[in-house]
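Some notes on the structure that comes next.
Numbering (the numbering used here), first residue to last: 10 to 331.
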């Protein structure tokens, strides 16, 4: 039995690796095509559907699942998420990786669990399917947080550069040389797009889409407004940097105050899981009712759903936007 498990896991892993490596060969070309066609960020009109279609066609090995994702309008959201995380993947590669996790975990659970529990093998596999997506979301959050930390300093740098006589577009390019990633890369991309013929306002609007931060939206709005009405842009950027720093301070205070609520939500969610595990050790017959009886299955499903809803509600309450 152990040998069969090893062979199945090896076959699934090799298949997933082959699909992933095959997609990686064309990922650079796909990203280059998407940039030439306008990328995912400027898709507010019907004409902007072309990049997504080209991206899917170039990754046709994704098969039926990618067609379903396209029909559900999730493909472009996944591609935006990957760009915001700074990953050089396509949405098809992300789905392939999720499928590989699903198949490996399902195979392990199917062969390792006792016969009466094999019907639950899909539960850990479903959780494993979302692991790569959660990893991307975590990387995106970390990258956006780092960007926001560097952003006020970059605004003051642009302000000083303009006072020294440099043009605004040149100041954007200088950020790439003076600052770290991810801020340097995003501003370099905006400068290159403008340098290759894209209007400055469009390049900045695309920057605001790639970096979904309220601070960046304030910056883009201030620059576009100054471009149309005139004014001292250097002074505007200085004041904007000061406001952003004050928002950081207020956000830190709110996070400290709401820490108790976040820990309460975590405790209320994990305590039932711990009690259930303890009951399984102390009195297994009592817990088996929830797994082998149809009524117990419904009760267990309802309990899990209510726990998740309760955790989401608590997190919504303690999460205060500034």
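Just so it is clear, CB atoms sit at the ideal spot from N, CA and C, and this is done for glycine as well.
Classification of residue i by the beta-carbon crowding that lies within 10 angstroms, buried from 16 upward
| i | result |
| --- | --- |
| residue 99 | buried |
| residue 152 | buried |
| residue 288 | exposed |
| residue 294 | exposed |
| residue 251 | exposed |
| residue 55 | Low local confidence applies: a pLDDT of 38 at residue 55 is under 50, so the model's placement there is unreliable, with the coordinate-based value given in what follows. Its Cβ having fewer than 16 others within 10 Å, residue 55 is exposed. |
| residue 158 | exposed |
| residue 38 | Reliability fails at residue 38, whose pLDDT of 46 lies under 50, so the model's placement of it is uncertain and no value is given. |
| residue 105 | buried |
| residue 170 | buried |
| residue 328 | exposed |
| residue 304 | exposed |
| residue 179 | exposed |
| residue 215 | buried |
| residue 70 | With a pLDDT of 43 at residue 70, under the threshold of 50, the modelled position of this residue cannot be trusted; read the value that follows with caution. Looking at its Cβ environment, which holds fewer than 16 other Cβ atoms inside 10 Å, residue 70 is exposed. |
| residue 243 | buried |
| residue 220 | buried |
| residue 265 | exposed |
| residue 189 | exposed |
| residue 276 | exposed |
| residue 326 | exposed |
| residue 312 | exposed |
| residue 137 | buried |
| residue 255 | exposed |
| residue 280 | exposed |
| residue 291 | exposed |
Within 7 Å, strictly: CB atoms of residue i and residue j
| i | j | result |
| --- | --- | --- |
| residue 149 | residue 94 | yes |
| residue 245 | residue 161 | no |
| residue 140 | residue 110 | yes |
| residue 166 | residue 181 | no |
| residue 122 | residue 130 | yes |
| residue 192 | residue 228 | no |
| residue 168 | residue 247 | yes |
| residue 87 | residue 112 | no |
| residue 231 | residue 249 | yes |
| residue 217 | residue 211 | no |
| residue 307 | residue 274 | no |
Residue of the options minimising C-alpha distance to residue i
| i | options | result |
| --- | --- | --- |
| residue 118 | 327, 196 and 133 | 133 |
| residue 269 | 283, 305, 225 and 323 | 323 |
| residue 222 | 101, 113 and 330 | 330 |
| residue 285 | 309, 136 and 240 | 309 |
| residue 135 | 116, 146 and 145 | 116 |
| residue 90 | 147, 300 and 291 | 147 |
| residue 209 | 220, 224 and 236 | 236 |
| residue 257 | 154, 183 and 120 | 154 |
| residue 172 | 283, 114, 241 and 183 | 241 |
Which of helix, strand or coil DSSP assigns to residue i
| i | result |
| --- | --- |
| residue 303 | helix |
| residue 222 | coil |
| residue 208 | coil |
| residue 123 | coil |
| residue 332 | The shown model of the chain, from 10 to 331, leaves out residue 332, and the question about it has no answer. |
| residue 228 | helix |
| residue 68 | Interpretation of residue 68 is limited by its pLDDT of 45, a score under 50 that renders its predicted location unreliable; the figure taken from the coordinates is listed afterwards. Coil. |
| residue 118 | helix |
| residue 175 | coil |
| residue 318 | helix |
(request) Ignoring anything shorter than 4 residues or poking outside the region 236-294, list the alpha helix (DSSP H) runs there in chain order. (result) 242-266 and 268-291
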